[in-house]
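These notes are about the structure you will find just below.
Residue numbers (this note's numbering): 1357 to 1657.
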């Protein structure tokens, strides 16, 4: 734990092959940067099949991750969605529980799940979706408590055409306050926030400051908060326009990091986890250094 209450900086082990042949190498590369945590992308490691743990695959991941000096966090499957239709929610929860069991076996301290997504609709329909999400996230918080870690709900963004609704950071903060569960927290993804807020013309600083007190987990990557609304042929062209969810190294984009550090107060024990796109993997050390600098100036309470 840093003197200012930050638990540490981590980085996601991006781009691991499904046969796990390069997992050990990727973990070594991340650990060599000096981080305290590694986020395991269990959503892409074939660890759950039809809502059940794939034990041989998990045993291999446990073998590879054993004995490391770092601790782990986990990002579970992206499609888990408690805004979905009621008849599908038990299936979402089945996958969530199995994925959380995987996280527990790997010794994770945080488990990341995405906030809900649904089509835009009239107020009554949206409120019903929020009510469903409150109920099932509360159950998820109970399960996280039984496993001894935090379930951290990540703010995401809708589509670039305004057809998909997902909570803004401020609305997610309001929802977590209503649920008020000891083991339910937020993952503040600042890059995602900027894309979502750009669409609606909302203020990045005040929205992030509203979610920060709930955010025991922060996803760190850079970008420009611009809609990906022009056809692109290559990722390099997308970079040329500064469009979309780029996952650039911290400091390479336009996020106003200094203003965010001044405005946001996080819980004691917050973890800053870098999500770096694979094409920028060669810049991981400078990204970790920049994030460590921000972590040293972060305010907690």
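Even for Gly, the Cβ is constructed at its ideal location relative to N, Cα and C.
Proximity to residue i [Cα-Cα], best of the options
| i | options | result |
| --- | --- | --- |
| residue 1511 | 1560, 1502, 1488 and 1599 | 1560 |
| residue 1458 | 1413, 1581, 1358 and 1608 | 1413 |
| residue 1383 | 1399, 1360, 1440 and 1425 | 1425 |
| residue 1658 | 1397, 1460, 1410 and 1449 | Outside the shown range of the chain, which is 1357 to 1657, sits residue 1658, and nothing can be said about it. |
| residue 1617 | 1366, 1464 and 1648 | 1648 |
| residue 1369 | 1604, 1531 and 1381 | 1381 |
| residue 1579 | 1563, 1607 and 1403 | 1607 |
| residue 1304 | 1461, 1620 and 1602 | Here the chain comprises residues numbered 1357 to 1657, so residue 1304 is not present and cannot be evaluated. |
| residue 1470 | 1452, 1626, 1376 and 1566 | 1452 |
| residue 1376 | 1594, 1390 and 1400 | 1400 |
| residue 1509 | 1481, 1467 and 1417 | 1467 |
| residue 1402 | 1391, 1392, 1416 and 1600 | 1416 |
| residue 1612 | 1441, 1547, 1379 and 1450 | 1547 |
| residue 1362 | 1573, 1543 and 1528 | 1573 |
| residue 1427 | 1527, 1462, 1482 and 1604 | 1462 |
| residue 1614 | 1565, 1410, 1373 and 1479 | 1565 |
Rounded straight-line distance, which links the Cα of residue j to that of residue i
| i | j | result |
| --- | --- | --- |
| residue 1576 | residue 1405 | 30 Å |
| residue 1597 | residue 1551 | 14 Å |
| residue 1517 | residue 1420 | 42 Å |
| residue 1323 | residue 1394 | Nothing about residue 1323 can be reported from this structure: the residues present for the chain run from 1357 to 1657 only. |
| residue 1334 | residue 1643 | The structure shown does not extend to residue 1334, since the chain is modelled only from 1357 through 1657, so no value can be given for it. |
| residue 1434 | residue 1445 | 14 Å |
| residue 1540 | residue 1464 | 15 Å |
| residue 1646 | residue 1486 | 37 Å |
| residue 1651 | residue 1524 | 24 Å |
| residue 1358 | residue 1364 | 7 Å |
| residue 1460 | residue 1443 | 28 Å |
| residue 1484 | residue 1367 | 36 Å |
| residue 1549 | residue 1619 | 15 Å |
| residue 1641 | residue 1391 | 10 Å |
| residue 1529 | residue 1563 | 9 Å |
| residue 1653 | residue 1360 | 8 Å |
Buried versus exposed, by CB contacts within 10 Å (16 or more), residue i
| i | result |
| --- | --- |
| residue 1587 | exposed |
| residue 1477 | exposed |
| residue 1592 | exposed |
| residue 1502 | exposed |
| residue 1629 | buried |
| residue 1505 | buried |
| residue 1585 | exposed |
| residue 1609 | buried |
Cβ-based neighbour list, residue i, same chain, cut-off 7 Å, excluding 5 preceding and 5 following
| i | result |
| --- | --- |
| residue 1537 | 1494 and 1497 |
| residue 1408 | 1454 |
| residue 1554 | 1581, 1582 and 1583 |
| residue 1621 | 1568, 1569, 1655, 1656 and 1657 |
Spatial neighbours of residue i in its chain, beta-carbon cut-off 6 Å, leaving aside the 5 residues before and after
| i | result |
| --- | --- |
| residue 1371 | 1634 |
| residue 1490 | 1535 |
Close-in-space but distant-in-sequence residues of the same chain around residue i (CB under 8 Å, 5 per side omitted)
| i | result |
| --- | --- |
| residue 1473 | 1437, 1439, 1512, 1514, 1520, 1521 and 1522 |
| residue 1447 | 1407 |
Mind pulling the alpha helix (DSSP H) runs of 4 or more residues that sit fully within the region 1404 to 1488? 1411 to 1421 and 1445 to 1461
Pick out the complete beta strand (DSSP E) segments inside the region 1481 to 1550, 3 residues or longer, and give them in chain order. 1506 to 1510 and 1540 to 1545
Which full runs of the beta strand (DSSP E) of 3+ residues lie inside the region 1599 to 1656, going along the chain? 1626 to 1630
Unbroken stretches of the beta strand (DSSP E), 3 residues or longer, contained in the region 1368 to 1403: 1393 to 1396
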